[in-house]
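> For reference, each letter of the sequence shown is one residue, going 1 to 218 in the numbering used here. Don't be surprised by glycine CBs; every beta carbon is placed ideally from N, CA and C. Starting off with a structure, shown below.
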Amino acid sequence: MTEFEINAKESDIFVISPDREATAEEKNFLENYVREQEKEGKIVYFPSRDTDQNDPVGLRICLTNREAIRKTKEVHAYFNGRSQGTFFDLGMSFMAKKPLYFIGTKIKTLDDAFGSLGLECPELRGMKFSEWAEKERAILEDVNFLGRGYNWEENNPKLALFLFNFGMAFMADIDIYLKNPREVKRTLHKSFQNVLLELHKICKGDIYLYYTTVPNID
């Protein structure tokens with residue numbers, strides 16, 4: 001899929017946390033949390049420390065974290081409701097069926113986390129977030145499911161849902177493409193726009209010949 005080598009260590013705990021969106025207080029909590037876990041003899045994968053963040057696109061970061069999640073025993077997540085990467089990593093972790101524990105806040109479950117955002121999404125159709133996620137995971141696990149198309153929208157009010165779903169699809173390692181590639185602008189720094197554009201480029205545009213009836217999420 002890519003030309004660069006992906007290498008992530010095996011771990012007892014993968015820590016999901018905000019990066020650029022983290023406050024000084026949150027960073028201090030997370031560093032102390034990782035330190036305490038390691039004092040107890042746990043092997044911790046902390047992306048802010050263990051994944052090379054020098055990536056102008058962001059795809060290598062996503063691939064490295066995906067590999068690290070696959071190799072970990074469980075996931076511990078700090079959820080502040082602001083981090084795009086957290087939404088995406090939670091989707092990957094859920095798709096990988098890793099035990100998930102929330103740390104540092106009153107959030108204890110996925111339903112707590114996404115319920116706290118006040119999302120009004122017709123996709124949920126009155127379901128709990130976890131019920132919707134289970135349904136989406138079943139779709140992605142179907143061996144006949146070939147790929148998923150995404151419509152990137154600037155200032156998307158449902159961005160958290162979009163990125164969680166994108167994270168699940170990315171972990172499932174299916175073909176991912178953009179429905180509106182000409183409307184998506186590449187950014188100067190790492191972003192999910194850049195990642196989606198790169199994944200679309202990997203599909204070389206041929207995707208439209210094969211996936212005309214595949215369900216997609218806007």
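Report buried or exposed for Gly-167, applying the criterion of at least 16 other Cβ atoms within 10 angstroms of its Cβ.
Locating residue 167 in the sequence shown gives position 167, counting from the first residue. Counting Cβ neighbours within 10 Å, Gly-167 comes out buried, since at least 16 surround it.
> Look at the Cβ atom of Ile-6, then the Cβ atom of Thr-64, and state whether they are nearer than 7 Å.
By 1-based counting over the sequence shown, the position of residue 6 is 6. By 1-based counting over the sequence shown, the position of residue 64 is 64. Cβ atoms of Ile-6 and Thr-64: closer than 7 Å.
> Give a yes or no on whether the C-beta atoms belonging to Arg-82 and Glu-134 are separated by under 7 Å.
Indexing the sequence shown from 1 puts residue 82 at position 82. Indexing the sequence shown from 1 puts residue 134 at position 134. No. Outside cutoff.
> Please report the straight-line C-alpha distance between Ile-16 and Asp-111, rounded to a whole angstrom.
Within the sequence shown, numbered from 1, the residue matching residue 16 stands at position 16. Within the sequence shown, numbered from 1, the residue matching residue 111 stands at position 111. The alpha-carbon atoms of Ile-16 and Asp-111 are separated by roughly 17 Å.
> Of the residues Met-92, Ser-93 and Val-57, which one's Cα is nearest the Cα of Leu-196?
Numbered from 1 along the sequence shown, position 196 holds the residue referred to as residue 196. Nearest option by C-alpha distance: Val-57.
> Nearest to Pro-181 by CA position, among Lys-42, His-200 and Phe-164, is which residue?
Taking the first residue of the sequence shown as 1, we reach residue 181 at position 181. The candidate whose alpha carbon is nearest that of Pro-181 is His-200.
> Please state the DSSP three-state secondary structure of Val-34.
Position 34 of the sequence shown, counted from the first residue, corresponds to residue 34. Helix.
> Output the residue ranges of the beta strand (DSSP E) runs that lie fully inside the region 90-125 and measure 3 residues or longer, sorted by chain position.
Whole beta strand (DSSP E) segments, 3+ residues: 100-102.
> Taking Asp-173 as the reference, give the member of Val-143, Val-44, Phe-162 and Ser-191 with the closest Cα.
Taking the sequence shown and counting its residues from 1, one reaches residue 173 at position 173. Minimum Cα distance to Asp-173 is reached at Val-143.
> Does the contact criterion of 3 or more C-beta pairs under 8 Å hold for the region 26-39 versus the region 151-158?
Short answer: they don't touch.
> Go ahead and pull the three-state DSSP assignment for Gly-85.
Here residue 85 refers to the residue found at position 85 when the sequence shown is read from its first residue. Correct three-state label for Gly-85: helix.
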